[in-house]
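Count the sequence shown with full-length UniProt numbering and you get residues 1 to 182, in order.
Where is the CB? At the ideal position from N, CA and C, for every residue including glycine.
These numbers were taken from a predicted model, which means no experiment stands behind them.
Structure first, then comments.
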Amino acid sequence: MEAALSRHPSSLAFDYCSPSLSTAQLLFVDTCIQFGHQASVYRGRLDGRRVVVKVYEELGFDGLLREVRAYKRLVSLPTTPKYLGVFAPSDKAWAALIVEDKGTSLASDWAALPLADREAIYKAVVDVHAAGIYHGDLEVRNLVRDEEGRLSVVDFGHATVDHACEQDACPELLDLRQNLDL
């Protein structure tokens, strides 16, 4: 996978290793959303489409693989971003996940969320579990809202794929119900 840098510092043209993207699409990265130890998250545009780019350092590749597996499994859910692809330079010192941009993080804590939001969040996470995914890091920061007010679950870097549970006995769902005061 070769990377070619254009003259503009915030635009990158890459060959992608994803069947859902054609090669050499133009990616503009313009805003850092979060800077972390093993991954940093950016907002940008891929051929005019709003996207989120999560750049993993080599030490974080396990999280990247978990996210890719989860997003591929969740492709039919409207409450999770669509997986668009992964790219890396030839030395594989880092790799980036590209998903659709579903909005901005909720800034409040669980208690400050209105009841309708708390119910929508719980339903979205139940749907994630029904698809066989255990999120593994359910925090307010991993919930986003788009311009129309729709909520989505993001950040599957700690996810477990092939999860099966009974809703009333699942530790993650029980904790979430308690956090949401439902």
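Of the candidates His158, Ile133, Asn179, Arg177, Ile133 places its Cα closest to the Cα of Leu77. Taking a C-beta distance under 8 Å as the contact criterion, Glu57 and Trp94 qualify as a contact pair.
The shortest C-alpha to C-alpha distance from Thr31 to any of Asp155, Gln25, Arg43, Ala39 is the one to Arg43. Its chain contains Asp137, Asn142 as the residues whose beta carbon lies nearer than 7 Å to that of Asp155, once the 5 sequence neighbours on both sides are disregarded; these appear in chain order.
Per DSSP, Gln25 is one residue of the beta strand (DSSP E) stretching across 25-35.
In terms of CA proximity to Leu84, Leu46 leads the group Leu46, Val29, Leu115. Counting only runs of 3 or more residues that sit fully inside the segment 124-170, the beta strand (DSSP E) segments are 143-145, 151-153, in chain order. Looking only at Val55, Val51, Leu26, Arg50, the smallest Cα-Cα distance to Phe35 is reached by Val55. It is roughly 23 Å from the alpha-carbon of Glu119 to the alpha-carbon of Arg73. Straight through space, the alpha carbons of Ser152 and Thr80 are spaced by roughly 5 Å.
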